[in-house]
Amino acid sequence: AALGLVVWMTIEQGKTGASPGKKLTRMKVVSIESAEPIGTKPSLLRSLYHFLDGIPCGLGYYLPLWDEKRQTIADKLAKTVVILDGDTPPVFERR
Numbered sequence: 019a020a021l022g023l024v025v026w027m028t029i030e031q032g033k034t035g036a037s038p039g040k041k042l043t044r045m046k047v048v049s050i051e052s053a054e055p056i057g058t059k060p061s062l063l064r065s066l067y068h069f070l071d072g073i074p075c076g077l078g079y080y081l082p083l084w085d086e087k088r089q090t091i092a093d094k095l096a097k098t099v100v101i102l103d104g105d106t107p108p109v110f111e112r113r
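The opening residue of the sequence shown carries number 19 in my numbering; numbering runs sequentially from there.
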């Protein structure tokens, strides 16, 4: 079931540019060259590349803090960038 969920989320991210979590936060993964959703196969490769982000003590996940384009190692390899979908960040209601 977990593998099926990962595959579905990867396909969804490839087609629309956003996984369910990214949709919630109004973010998208797009090609750095075309600014379009990257497609299923590149989305799968990007997910696999995230393994490399964790190898050097997880430093790849912190790379966006000082990288000019705010990319992880996986984003650099997949030639993608995560952007906000719209001009303003999401506003969450407090309950």
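Every residue, glycine too, gets a C-beta built ideally from N, C-alpha and C.
Remember, it's a predicted structure, so these values are computed and weren't measured experimentally.
DSSP-derived helix/strand/coil call for residue i
i, result
"T90", "coil"
"K46", "strand"
"T106", "At T106 the pLDDT is 32, less than 50, meaning the model places this residue with poor confidence and gives no usable figure here."
"P74", "coil"
"I101", "strand"
"G61", "Inspection of the sequence shows that residue 61 is occupied by Ser rather than by Gly. Looking at S61 - three-state DSSP - the assignment turns out to be helix."
Cutoff 6 Å; reference residue i; Cβ partners in own chain excluding five residues on either side
i, result
"T28", "S61, L62 and S65"
"A92", "R64, Y67, H68 and D71"
"L83", "none"
"V114", "Outside the shown range of the chain, which is 19 to 113, sits residue 114, and nothing can be said about it."
Cβ-based burial, residue i [other Cβ within 10 Å; buried from 16]
i, result
"V24", "exposed"
"G39", "exposed"
Sub-7 Å separation of residue i and residue j beta-carbons
i, j, result
"K33", "D103", "no"
Delimiting residues of the alpha helix (DSSP H) encompassing residue i
i, result
"I56", "No alpha helix (DSSP H) holds I56; DSSP gives it neither H nor E."
"L83", "Per DSSP, L83 belongs to no alpha helix (DSSP H) and is neither H nor E."
"G32", "A20 to T34"
Any non-hydrogen atom of the ligand HEM closer than 6 Å to residue i Cβ
i, result
"L63", "In terms of ligand content, the structure shown is empty, and the ligand HEM therefore cannot be addressed."
Chain-order list of residues whose beta-carbon lies under 7 Å from that of residue i (same chain, five-residue window excluded)
i, result
"S37", "M27, E30 and Q31"
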